[in-house]
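Residue numbers (this note's numbering), protein chains in the order written: chain A, 1321 to 1760; chain B, 1321 to 1760. Here a beta-carbon is modelled for each residue, glycine too, at the ideal position from N, C-alpha and C. Right, one structure below, let's go through it.
Number of protein chains: 2
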Amino acid sequence: MNEKVVKIGLVGFGTVGSGVVKILLENSDMIAAKTGLRLELDCVVDKDIETERPIKVPKDLLTDDINKLLDDTSIQIGLELVGGTSAAKEIQKKLLQAKKDVVTANKALLAEYGNELYEVARQHNRCIAFEAACAGGIPIITGLRTGLAGNDIQAMYGIVNGTSNYILCNMTTQNEAFSEALAQAQALGYAEADPTLDINGMDSAHKLAILSSIAFGYEIKLGDIYVEGIDNISKDDIRYGGEMGYALKLLAIGKKEQDGKVSLRVHPSFISTEHTLARVNGAFNAISVFGSAVGQVMFYGRGAGMMPTAGAVVADIIDVALGNSAKSFKHLHLRPRNEINELIDKIDNLVSRFYIRIMCKDQPGVIADWSKVLSDHQISISGALQHEGRGPENTVPVVITTHPTQQKNISGAVKDMEKLNSISGRPVCIRIVDIPEDKD
Amino acid sequence: MNEKVVKIGLVGFGTVGSGVVKILLENSDMIAAKTGLRLELDCVVDKDIETERPIKVPKDLLTDDINKLLDDTSIQIGLELVGGTSAAKEIQKKLLQAKKDVVTANKALLAEYGNELYEVARQHNRCIAFEAACAGGIPIITGLRTGLAGNDIQAMYGIVNGTSNYILCNMTTQNEAFSEALAQAQALGYAEADPTLDINGMDSAHKLAILSSIAFGYEIKLGDIYVEGIDNISKDDIRYGGEMGYALKLLAIGKKEQDGKVSLRVHPSFISTEHTLARVNGAFNAISVFGSAVGQVMFYGRGAGMMPTAGAVVADIIDVALGNSAKSFKHLHLRPRNEINELIDKIDNLVSRFYIRIMCKDQPGVIADWSKVLSDHQISISGALQHEGRGPENTVPVVITTHPTQQKNISGAVKDMEKLNSISGRPVCIRIVDIPEDKD
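As structure tokens, this is what we get:
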């Protein structure tokens, strides 16, 4: 069989980069047998070429000079696995300008500067492939762009950050406080030394920006997404929610509303413990996609980690080498900002059910107080539960669930509740998300 | 924006065909906006052009003469949605010979004559796309071929026949007999008037043949697959298995064994009720794929039905029109039969745990009898449970679970047990499948 040799240059010999090197060195025969492509790693660029990596590459491939890669016209594909947004952006631009197609796992960069980089790619008749940027090894980009292309995508609900899911699961099952669960995640390597982007929801927002661009065909900006992290979640709320049949997940949600607007948001969400997404444990990811033809499709697997992410990078290399990525990229039409600005829904308009927890002083008239505030804001109560046991200042926790209401009503009610003498501290509000379950 | 017009001819205006027409008529603008392709249905061929369909097409598109489609050189893509294997095979050949790419949902045809048809396609420099042939709306072909291309696929465990899953679920939750559950599935439209291929496992085998060809890169033949259906399953065994923590599923399994051989089989399987696949209910499908890099990835959704399957057909139309299918098809290298014959494992060599149920006469020495047979065949018992309650002829059911043992040992033991005076009837044997759960 004739093999086509595909020459590859890697920038960024870190964790994912090492995984890619491992696959290219070890699975090259398997890939050649299945695809007819002989993937050949010709250059590995990193600032640090001294530190020993878990994976060895021949010394002559290693360099700290990116020009060696850029000047080698035989190299067709450049991998940007540096991460971050400043240096990586310049590297991607240089690769494209040097007429190399780019494969990347850099969700932060694409979420913030994707439209700019796509434009550079188009100018140079190149493509950028980024399966690895969303949900690691799960082939969700391919699934949305190719397998579900016949569907009008109506909604996506995703657990797309393994670190925060791991923390929430441990808070739930081990009754740990947020800080304890975070420390454990860090000790086990599930959270970075600086876990800010994971726990404040921004990493999920990066992925949602990319996924929703493809799903809805819009030029999504990061600023279109409402983002709330898990850093203020208390284990008490997880327990109270659990008693009512809800599991707490950090969800990334993209949804076409009935008025044609698209709402994009990342926030802690109570979902029914019966829903499949509630059973996604530990560092796993899952995305439920609702399509006009297919109904619900769910993708599940490892959303991060050296080898899962590296596998997705190699899949993209193959897709680029086959010429498929270029076509998908060329035919990816995103409706530009001026057309869609008013189609992006604002969080204030969101209609949702809410979980509200207030700490009430043990005195007469308390219920009358808070129920009047809710009533004043047209909020209808679906359930209320006063827990026994004392909080600080002799308070007792009262948990209220609401019928669907607009976010702005809740925001108003919370402000008014804070002023009440009978309530201590700020009410806790968590959205209850009723994910449709596609059932027979 | 410049749109590229893609002309399409459909053969087979049945259920899935109607769904495709519906999407092409209703979602054409959405698809054009997202991909730049204007899909245009130009010809609908069916033997019956009189019967009213739920979806209307302009009269002048309808014809009972396939030559109108074949002779129209402007039509680039032909959809074969006739089903069955004899007429459909000729139709696909004619389409390919007329220089049209083929999109199909016909798993039976591809499983039996795929290699022959692929050869015809290659001769005419055309491609055959078949995302809809496996698991309906779930993008599993794309996932395996593109998204997981960087992985060496080690195993697949799939629930790929919704009818049998629906029947087994109802037998489990409603304690229905097989015949009752089947009748209900037929009444609700989940089973065909002739459900033979669904319940005897052949439909699952068709899908496994296609999926394992792509996953392992082998020219798989239907005869390579060991097939057992659900038609002999009794609700008692489902109940006894349930008491031991197992759910019964009809699994399609493709697995690379440690000796490099591939075992391919479809049979009723007891799996842990804790495994994600045990929670796949009703007519849904799910496939767990284990890749060398990614670990476990699961795809879940509707595996059949008019619109889910039609959505997959339209996805293929888009992929063909973009030129991607042609490249994937051209680069799909399957190792030919003469290389792989001895790599296909025989069921006799299978090592598995087993559930065995025997009906014992209530007399002394029974346990000594059957335990000696198992011991004679080197089968080690992991659990045994004698249920109270009487069967026919004053017998009591005894359920035995084994440690891993070879299929041929079990087959020998079953033969010997049948000869025992203390046992009535034929022992029931169901494999216990320990699907690895990729956990943290």
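- [ ] Quick one: which residues of the region 1458 to 1472 of chain B get their C-beta closer than 7 Å to a C-beta of chain A? List them in chain order.
- [x] Ile1458, Pro1459, Thr1462, Gly1463, Thr1466, Gly1467, Leu1468, Ala1469, Gly1470, Asn1471 and Asp1472
Open item on the list: Please classify Val1671 of chain B as buried or exposed, where buried requires at least 16 neighbouring CB atoms within 10 angstroms.
Closed with: exposed
- [ ] Give, in chain order, every unbroken run of the alpha helix (DSSP H) that is at least 4 residues long and sits entirely within the region 1602 to 1652 of chain A.
- [x] Those alpha helix (DSSP H) runs which fall completely within the region 1602 to 1652 of chain A and span 4+ residues are 1626 to 1642 and 1644 to 1650.
Open item on the list: By the three-class DSSP mapping on this structure, what secondary structure does Ala1428 of chain B have?
Closed with: helix
- [ ] Give me the Cα-Cα distance between Leu1357 of chain A and Ile1534 of chain A, rounded to the nearest whole angstrom.
- [x] The straight-line gap from Cα to Cα measures roughly 28 Å.
- [ ] Give the single residue among A:Thr1355, A:Glu1757 and A:Asp1392 whose Cα lies nearest to the Cα of Asp1639 of chain A.
- [x] A:Thr1355
Open item on the list: Cutting at 6 Å between CB atoms, please list the residues of its own chain near Lys1759 of chain A, excluding the five before and the five after it.
Closed with: none
Open item on the list: Does Tyr1510 of chain B come out as helix, strand or coil in the three-state DSSP assignment?
Closed with: coil
Task: Residues within the region 1342 to 1358 of chain B neighbouring chain A, beta-carbon criterion of under 8 Å - done: Ile1343, Asn1347, Met1350, Ile1351, Ala1353, Lys1354, Thr1355, Gly1356 and Leu1357
Open item on the list: Please identify the residue among A:Pro1717, A:Gly1602, A:Ala1507 and A:Ala1635 whose C-alpha is closest to the C-alpha of Ser1612 of chain B.
Closed with: A:Ala1635
Open item on the list: So for Ser1394 of chain A, helix, strand or coil by DSSP?
Closed with: coil
- [ ] Please find out if some non-hydrogen atom of the ligand HEM comes closer than 8 Å to the beta-carbon of Tyr1560 of chain B.
- [x] Absence of the ligand HEM is noted for the structure shown, with no ligands found whatsoever.
Task: Distance between beta carbons of Leu1584 of chain B and Leu1528 of chain B, contact taken as under 8 Å - done: Going by Cβ atoms, the distance from Leu1528 of chain B to Leu1584 of chain B rounds to 6 Å, so yes, they are a contact pair.
- [ ] Using three-state DSSP, classify Phe1498 of chain A as helix, strand or coil.
- [x] helix
Task: Under 8 Å by beta carbon: chain A residues contacting Ser1648 of chain B - done: Leu1642 and Asn1644
Task: Short Cβ contact (9 Å threshold) for Ile1448 of chain B with Ile1637 of chain B - done: no
TODO: List the residues of chain A that His1653 of chain B touches, going by C-beta distances under 9 Å, in chain order.
DONE: Met1321, Ala1352, Ala1353, Lys1354, Thr1355 and Gly1356
Task: Beta-carbon contacts of Ala1511 of chain A that lie in its chain and below 7 Å, excluding the five residues immediately before and after - done: Taken in chain order, the residues that qualify are Thr1483, Leu1502, Ala1505 and Asp1518.
Open item on the list: Closest to Gln1727 of chain A by C-alpha separation, out of A:Met1350, A:Leu1740 and A:Arg1751, would be which residue?
Closed with: A:Arg1751
- [ ] Step through the CB atoms of chain B and report whether any lies within less than 9 Å of the CB of Met1491 of chain A.
- [x] At a cut-off of 9 Å, the C-beta of Met1491 of chain A has no neighbouring C-beta in chain B.
- [ ] Assuming Ile1328 of chain A and Asp1366 of chain A form a contact by the criterion Cβ under 8 Å, report the distance between their Cβ atoms to the nearest whole angstrom.
- [x] That pair is no contact at about 15 Å.
Task: Touching by the beta-carbon criterion (3+ pairs, under 8 Å), the region 1728 to 1739 of chain A and the region 1685 to 1699 of chain A - done: yes
Open item on the list: Let me confirm a value: Ala1513 of chain A is counted as buried when at least 16 other C-beta atoms fall within 10 Å, else exposed. Which label applies?
Closed with: Residue environment analysis places Ala1513 of chain A among the exposed positions, since fewer than 16 neighbouring C-beta atoms fall within 10 angstroms of its C-beta.
Task: 8 Å Cβ shell around His1444 of chain B - same chain, five flanking residues per side excluded - done: Leu1416, Gln1417 and Lys1419
- [ ] Identify which residue in B:Asn1485, B:Arg1442 and B:Ala1455 has its Cα closest to the Cα of Asn1426 of chain B.
- [x] B:Ala1455
- [ ] Go through its chain and collect everything with a Cβ distance to Leu1570 of chain B's Cβ below 8 Å, but skip five positions before and after it.
- [x] Hits under 8 Å: Ile1479, Asn1481, Ser1484, Asn1485, Leu1488, Gly1521, Ser1524, Gly1549, Ile1550, Val1586, His1587, Pro1588 and Ser1589.
Open item on the list: Please state whether the Cβ-Cβ distance between Val1340 of chain B and Leu1399 of chain B is less than 9 Å.
Closed with: Yes.
Open item on the list: On the DSSP bridge list, what partners appear for Cys1680 of chain A?
Closed with: A:Val1716 and A:Ile1743
Task: Beta carbon proximity, Val1326 of chain A to chain B, threshold 9 Å - done: no
Open item on the list: Between Pro1756 of chain A and chain B, is the shortest Cβ-Cβ distance under 9 Å, so that the two count as touching?
Closed with: no
Open item on the list: Below 9 Å on C-beta distance, what does Ile1765 of chain A contact in chain B?
Closed with: Residue 1765 of chain A cannot be examined here, being either before or after the span of chain A that is shown, 1321 to 1760.
Task: Other residues of its chain near Leu1330 of chain A: CB distance less than 6 Å, five sequence neighbours each side excluded - done: Gly1337, Val1364 and Leu1399
TODO: Give every residue of the same chain whose Cβ lies closer than 8 Å to the Cβ of Thr1496 of chain A, excluding the five residues on either side of it in the sequence, and list them in chain order.
DONE: In the sequence as displayed, the identity of residue 1496 of chain A is Glu instead of Thr. The residues are Asn1490, Gln1504 and Lys1555.
Task: C-alpha distance - Lys1409 of chain A paired with Val1440 of chain B, whole-angstrom precision - done: 47 Å
Open item on the list: In the DSSP assignment, the beta strand (DSSP E) including Leu1570 of chain B goes from what residue to what residue?
Closed with: Tyr1566 to Lys1576
Task: Assumed close pair Asp1472 of chain A, Asn1347 of chain B - CB separation to whole angstroms, cut-off 8 Å - done: 6 Å
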